[in-house]
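Residue numbers for the first sequence follow the numbering used here, beginning at 24 and rising by one.
Please read the structure below before turning to the comments.
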Amino acid sequence: MEYKFTEIEKKWQDNWKNNHTYKVSNLSDKPKYYVLDMFPYPSGAGLHVGHPLGYIASDIYSRYKRLKGFNVLHPMGFDSFGLPAEQYAIETGQHPATTTNNNIATFKAQLDKIGFCYDWDREVRTSDAAYYKWTQWIFLEIFNSYFDTKQNKAIPIAALEKQFANEGNINQPNENITGFSADEWNSFDFKKQQEILMEYRLAFSKYGEVNWCEVLGTVLANDEVVNGVSERGGHPVVKKKMRQWYLRITKYADRLLEGLETVDFSDSMKEMQRNWIGKSVGAEIVFPLSNSPRRGEDLAPAGSSSSQIKEESVPGSGYAKYTVDNVMNFENAKANRKIPTEAEAIMWNALRSRNIGHKFRRQHPIENYIIDFICLDVWLVIEIDGGYHNKPEQKNADEIRDTRLKELGFTILRFTNEEIIGNLDNALKTIQDKADEIKQSAAEKRAAVRGSSPLQGEAGVRVYTTRPDTIFGVDFMVLAPELNLVQQIKSAEQTKAVDEYIAYVKSRSDVDRMAEKKITGCFTGAYAVNPFDGREIPIYISEYVLAGYGTGAIMAVPCGDERDFKFAQHFNIPITNIIGSYFNGEVANATKEATLENSGFLNGMQMMDASELVLQKLEEQGIGKRKVNYRMRDAGFSRQRYWGEPFPIIWSDGVAIPLDADELPLELPHVDKYGPGPEGEGPLANITEWVSVPLPEGKGNSYQFPQPSGWGKRETSTMPGYAGSSWYFLRYMDPQNADTFCNRKASDYWNQVDLYIGGTEHAVGHLLYSRLWTKVLFDLGHIGYEEPFKKLLNQGMIQGSSRRIVRYTLLLKEETKEEFRELNLYFSLGVFSQFFSPKSKAEQFNKIQNDYLSKIFPYSKYQVEENIPSTLHVDVRYVNGVELEIENFRKWKPEFESAILICEDDSVNMPFSNDLKNSSKFICDPLTEKMSKRYFNTVDPADLCDQFGADTFRMYEMFLGPVEASKPWDTKGIEGVHRFLRKLWRLFFDEIKGPIWTAAAPSPFERAGGEATNAELKILHKTIKKIEEDTERFSFNTAVSTFMICVNELSDIKCHKKEILENVLILLTPYAPHIAEELWSQLNNSGSILDASYPVFENKYVTESSKEYPISINGKVRANINLALDIDQTKVEEIVLANETIQKWLEGKAPKKIIYVRNKMINVVV
RNA sequence: ACCCGGGUGGUGGAACUGGUAGACACGCAGGACUUAAAAUCCUGUUCGCUGUAAGGCGAGUGACGGUUCAAUUCCGUUCCCGGGUACCA
């Protein structure tokens, strides 16, 4: 009886199906275990050998857990909404639903061939209305929630409305909404209220930028844009603002970070998510623009005045200080604030409480002076003089002080105590007028200089930095070119250059900007002022600063940042070294360890400490603040496409009205054309009768809209690919439920996914979104846990092994004739690399002519006019290793039928040629690349199952290497695994004799001289232990080799005993289920082997009492000695030193030390 | 450019917490069985030197250096390959 895998596998796959062997119940006394695969997108190409890697791993683990007594949920489904089906529809006119269903059928057939233990009754398809009904429902749950900053969780939006009606938004501040009181809220009309609520909703709509291609009339994804033009057709692409839906994932940034602590993902996976969220703690600092009255006249140029400033600004050489000079002075100022004079107190009170339109500080240090009151916006100083100011020496001092302050550019107003106390209003009026006047004239001056509009709002550049300690090393600033501020500050002289640069940046796609390595940028002509030392800092724009991150502006510290350093070099900006010897002038050093130099009040401080001090000072002086920044932005949640979930939203007068739950699902309507709608909307926008609908009962109709009809327009975009996949793991628990997305009992029972297996490509997208959805559902009380996946195992990518050959297309001319003819030559790898690629064209022509053409055309003489090299991929099916199967290759395509092949030994192989037939090899060029149809390097798992059987295929995929590792596919080793299964079979059956297994009991267990004597039991238990350990740690490749060792050893001792073999079969079931079932039933067992109980390892069968120790001298093994395991150090030393070989190596010297590690080794140190 | 992986025989890989490097396979070579083939079985297979042989000696886990009685494993520098990415301040 031989191993007929085709029959066996068919038999058992039918058997499992008919007996519902893999049916899983939600009711069980067993502990549960949930194993999940990332479900596939059913592409038209079908499965290739890379897909099942993770599926096999999860199948093995599921079966293993089932044997171990768990109720295991191991479902499979299809992520069936998506762009490829729609593209295909556009090209062929076939409905995506049709192609999708066909593809799913193919996938299922392929999967079933491999023998997975899925409960297909639980299959989900995200494109089924019964499924996406609940995707829409969850979307509405998210839409109808807001993130409560106090409770740090999602709360139904109704609670927020109530809160607004009672107390305004005082407790729920929002950076896009100005504060309002309860009364104000109640006075807002419905539309205004809805606009405000939209700023709080977790799913919200706003205008966002998309890639717009005018010619195609459609919106493109980032990767459909290449070099600023559309990938298809090469049409120009511009940024366009469109209404988009978003999920407010940024609100969950901290909880998504914290959640990582509670899950078992690989460190690199967690790192990727952390990087994506990108939390950083730093400072936001305002650098005032250098627009003080003092500099009103020299605002514009980068010319002489700025170089003059620079000389003045050399650190340590008495450079100008406009604000705090040193710690002591600032401490004094602070102390003064606590003991104001009566007049000062009155003034401070008035300046603070009366709205005079200018902000003042009191007791503010400037250089060595302490100013009573100062307005930093307009550089206005107010001094209140007590009686002692009349003394001559004080008057003199005041004059010096005033001169210096005026020199610095301040305007000074002096009041006496009496003027304040007696006529406060008058004094305030004077101050206000003066301040207004300065502001006005400054604006006029700027306008005059630039011919552009004056600055708006705060005159400063807000930067975000994670290194406030380096603030004295700021030598320039860089703004993102698209910031509005750039337009306000650019100088007249630089306007042209700036505008040109911005135009250049706009013409570039995001991808280009990212990939750019060379330094580009442009000076704006404007300067900012370092708030701590008053240095003037030139402001540049450059594409390496992104508008979307932080404030879109950076303070550049070239001595400490590589990019800043290169930028400074490129633009010849002098570099201030604040880190002493850490900076060598050649390369930036981002150290955090340096002691600061050239850093004003930070001199001599450690960088770590300096950060904190700078932060304190920034906050005290109100020119900066601590800021936690996230890199992550809110997740775009709509696509202008057809094949996705429609939004259950109707727009009316700019207000998004949600459908009621009982109106779901909102089914995707049929369309005839898949092209874009007007204005680049999705195809749905073309179906006017679908788009235009009456507003839901009791909703829009009851609101007083200007539209009398109560009609609205449906949202015409659809949800993105990740919508359905964000919660599918829940639906598997209760897949047919028509009343809820997942019964709470079911989700409580199955709880988190215990093991999730999939590729790293979903590291940040899918995994982050499903974690978000889970958290929202948890917050709203729909499920009982907030992390979906307890453990994540990443499978590596299986790459294709491509085979290429070099082709020369020759242009030939027969000597006596005029016309040309074309001829293709194909070169074996060695010939090409030895004789061709290194040689000159002339030499190549020569060789071709003399060595080949003379053989190919023995009767005519040709001249080589040109040779055009190219490479082509050969279908890997026609290549054996690297050797081309020439006959098969000729049959592949008509064009190769008469191909002329130059073989490895430089001989010419061509058909129909008697004198040139030979056995020479033709070698192809091997290459590892993505597995893809166009490289002819895909391998269909179904083919391998047909050829070797599913069990062989499963074990071979595992045997290839660790699941986590990426590796190129190579079919050639599969024979070994197949041989192993046949060898296993032969433990039970002989080809001629038939069954040879026996019911004989294993020989009785004995111990002789401390050794277990029963070889069969020893082999079995050794195997049990190793298989269990390896399976538990997902080391499936070593488990396969353990099985091989086990079968080899059992064969060696000719063990055919049922009692031993049965246990081996149970161990093997997860890996090779078909053969295990078959042999199990052949041994007269009833029922599925999956319901057998897993063998229990017993140590007594494998314990040994002695070990063959390697003895090394100075780390080199010189001898082996068998020693009892319980022997002690003294005894060991005795025996070892008595050993002849050791004696020889010691050469009479006394050992320094003898290291004895029990059960490992012994090392003698000489 | 940055981040994360990874470099071990002809090949895929093993060596789990530092303890005999190369398990298990593929391939290759030789042999047995066979009229022959397939299938199966046996032997050998890191490299170099040496020996008739058993064996012996030396080198060896990308490279260089360090820690240690002992390093594929830990540390530092460096080169190469793969994957990811949003130039994230």
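Ideal Cβ placement from N, Cα and C applies to all residues, glycine included.
This one's a predicted model, so the numbers in the text were calculated from it and none came from an experiment.
* Asked: Between the C-alpha atoms of Gln133 and Thr123, what's the straight-line distance to the nearest angstrom?
  -> 15 Å
* Asked: What's the gap between the Cα of Glu281 and the Cα of Ala611?
  -> 34 Å
* Using 8 Å as the threshold, is the region 967-983 in touch with the region 1053-1067, meaning 3 or more CB pairs across them? -> yes
* Can you have a look at Ala708 and say buried or exposed, based on whether 16 or more other CB atoms are within 10 angstroms of its CB? => buried
* To do: Following the continuous alpha helix (DSSP H) through Asp159, name the residue where it begins and the one where it ends.
  => The sequence shown places Gln at residue 159, not Asp. Taken as a continuous stretch (DSSP letters only), the alpha helix (DSSP H) holding Gln159 covers 152-166.
* Ile562 burial status per 10 Å Cβ neighbour count (16 or more: buried) -> buried
* Asked: To the nearest angstrom, how far is it from the Cα of Val286 to the Cα of Gly380?
  -> 53 Å
* **For Pro1174, the nearest candidate out of Glu1157, Lys1183, Arg1181 (CA to CA)** => Of Glu1157, Lys1183, Arg1181, the residue nearest in Cα terms is Glu1157.
* Tyr572: which of Ile1076, Trp299, Pro65 sits nearest, CA to CA? -> Ranking Ile1076, Trp299, Pro65 by Cα distance to Tyr572 puts Trp299 first.
* **6 Å CB neighbourhood of Thr783 in its chain, flanking five on each side removed** => Cβ neighbours of Thr783 beyond the five flanking positions: Asn817.
* Simplified DSSP state of Arg1141, which is helix, strand or coil -> strand
* What residue does the beta strand (DSSP E) around Gly647 start on, and which one ends it? -> Here the beta strand (DSSP E) through Gly647 covers 647-652.
* Residues in its own chain within less than 8 Å of Gly202 by CB, not counting five upstream and five downstream? -> Gly191, Asn192, Ile193, Pro196
* Would you report the Cα separation of Ser565 and Leu502, rounded to the nearest angstrom? -> 7 Å
* **Helix, strand or coil at Val799 according to DSSP, with G and I counted as helix** => helix
* Asked: What residues are listed by DSSP as bridge partners for Ala226?
  -> Leu270
* Report, in whole angstroms, the separation of the C-beta atoms of Gly92 and Pro1096, which I expect to be a contact under 8 Å. => Contact between Gly92 and Pro1096 does not hold, since the beta-carbon distance rounds to 18 Å and is not under 8 Å.
* To do: Report all residues from its chain with a CB closer than 7 Å to the CB of Leu50; omit the five preceding and five following residues, and keep chain order.
  => none
* **Helix, strand or coil at Trp1168 [DSSP, three-state]** => helix
* To the nearest angstrom, how far is it from the Cα of Val404 to the Cα of Pro363? -> 17 Å
* Excluding sequence positions up to five away, which residues of its chain have a Cβ less than 8 Å from the Cβ of Gly583? -> Arg490, Thr493, Gly496, Ile601, Ile602, Phe606, Ala611, Asn612, Ala613, Thr614
* Asked: Count the other CB atoms within 10 Å of the CB of Asn1086; is the residue buried (16 or more) or exposed (fewer)?
  -> Asn1086 is buried by the Cβ-count criterion.
* How many whole angstroms separate the CB atoms of Leu619 and Met630, which I take to be in contact at a CB cut-off of 8 Å? -> 6 Å
* Pairwise C-alpha distance: Ala1024 and Glu1101 -> 22 Å
* Counting only the same chain and skipping the five closest in sequence on each side, list residues whose C-beta sits under 7 Å from that of Gly105. => In the same chain as Gly105, and ignoring 5 residues on each side of it, the C-beta atoms closer than 7 Å to its own belong to Tyr64, Trp666, Gly744, in chain order.
* Asked: For Ile1136 versus Val1187, is the C-beta spacing smaller than 7 Å?
  -> yes
* **8 Å CB neighbourhood of Ser955 in its chain, flanking five on each side removed** => Gly823, Thr961
* To do: Kindly list the residues whose CB is nearer than 8 Å to the CB of Leu1148, restricted to its own chain and excluding five residues on each side of it in sequence; keep chain order.
  => Glu1127, Ser1128, Ser1129, Lys1130, Arg1181, Asn1182
* Asked: Taking contact to mean at least 3 C-beta pairs separated by less than 8 Å, is the region 1072-1090 in contact with the region 1160-1168?
  -> no
* From the DSSP output, which residues share a beta bridge with Ala658? -> Leu270
* Skipping 5 residues on each side, what residues in its chain have a beta carbon closer than 6 Å to that of Asp695? -> Around Asp695: no qualifying Cβ.
* Under 6 Å Cβ to Cβ from Phe850, same chain only, skipping five residues before and after it: list those, please. => Sequence-distant Cβ neighbours of Phe850 in its own chain, meaning closer than 6 Å and more than five residues away, are Val829, Ile925.
* **Distance cut-off 6 Å: Val486 Cβ against heavy atoms of the ligand SAM** => Here there are no bound small molecules, and the ligand SAM is not part of this structure.
* To do: Using the Cα positions of Ser150 and Ala658, report the straight-line distance between them to the nearest angstrom.
  => 21 Å
* Asked: If you draw a straight line from the alpha carbon of Trp160 to that of Ala684, how long is it in whole angstroms?
  -> Taking the straight line from one Cα to the other gives about 7 Å.
* Asked: Expressed to the nearest angstrom, what Euclidean distance is found between the alpha-carbon atoms of Tyr885 and Phe912?
  -> 27 Å
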